[in-house]
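Undergrad: Using our numbering, you'd call the opening residue of the sequence shown number 2 and step up by one each time.
Idealized CB from N, CA, C, for every residue including glycine.
Computed from a predicted model, the values in this text were never measured in an experiment.
One structure coming up, written as structure tokens, with questions to follow.
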Amino acid sequence: MFAGLRDLVIRTDADVRTGIGHVMRCVALAQAWRRLGGRVTFACAHVPDSLRSRLLEQGFAVIPVVGPQGSRQDLIETRRLAERLGAESIVLDGYGFDAAYQRECRVPGARLLVVDDFGHAEPYSADVVLNQNLYADERLYVRRESSTRLLLGGAYVLLREEFLAWTAWHRETRNTARNVLVTCGGADEGNVTAKVLLALAQSSLENLRVTAVVGCANPHRQALATLARALPYP
């Protein structure tokens, strides 16, 4: 898939409901494609402004697509974009890309990769299906074309460049926790972050230093900032 690299088109989205994980893991794929000399375009119907800026700062193009994800208009625009760029490969990452979308998202000369989690979009007709989860199993993809290649499990994890330097790092674990990192994804629509912070504050653990990381699509940022100031953490 990576021989003679030209353009790669990645169709994915990020918003409060779906989070930003689909885009962020595709950034790892985009970085690898770029290291091998190719160009990358993200086609998005939804993406927070801060995340769009991050993609642009890394040298990736970001092209708007009319949603909703998986719709006929979405399909037409994504296919036209791939044709206009002469894309060598197309990546789909999102739960709206069903079997019909896969079949019709074909562009002559371009291979299709689907990044998947649950085996929800069968029958699969993509050239490659990537499921990086530890529970990934071939039985999720019984209904697929005989030519579809499966990349399953942690050996194919999409790891962004900023984490590569830490692959050999060994963590030293203390018997008693002192530093706690709370992170509930890039959106956290249900505000689980607040529930965790309150639970820690009400626990019997003492002298905790708590850091909460809030994602760019989190709709509760202001409320969390107010809560953090009221909690008994240093």
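(1) Enumerate in chain order the residues of its own chain whose CB-to-CB distance from F3 is below 6 Å, with the five nearest sequence positions on each side excluded.
(2) Relative to the C-alpha of V10, which candidate in S51, R18 and A83 has its C-alpha closest?
(3) Check the DSSP bridge columns for R150 and list the partner residues they point to.
(4) Which runs of the beta strand (DSSP E) at least 3 residues long sit entirely within the region 19-63? Give them in chain order.
(5) For the region 174-181 against the region 194-210, are there 3 or more C-beta pairs whose distance is under 8 Å?
(6) What residue does the beta strand (DSSP E) around T13 start on, and which one ends it?
(7) Can you tell me which residues form a DSSP beta bridge with S90?
(8) Look at the alpha carbon of T13 and the alpha carbon of V41, and state the distance between them as a whole number of angstroms.
(9) So what's L201 in DSSP terms, helix, strand or just coil?
(10) According to the neighbour-count rule (16 or more other Cβ atoms, all chains shown, within 10 Å of its Cβ), is Q32 buried or exposed?
(11) What is the DSSP secondary structure of L182, reduced to helix, strand or coil?
(12) Just tell me which of E146, P109, G110 and Q133 has its CA closest to the CA of E123.
(13) The beta strand (DSSP E) with A213 in it runs from where to where?
(14) Would you list the one or two residues that DSSP bridges to R145?
(15) What is the rounded straight-line gap between the Cα of V115 and the Cα of E190?
TA: In this structure, then:
(1) In this prediction, F3 scores a pLDDT of 44, lower than 50, which makes its location untrustworthy; no coordinate-derived value is stated.
(2) A83
(3) V129
(4) 40-45
(5) yes
(6) D8 to T13
(7) L9 and R112
(8) 13 Å
(9) helix
(10) buried
(11) strand
(12) E146
(13) R210 to V214
(14) Y125
(15) 25 Å
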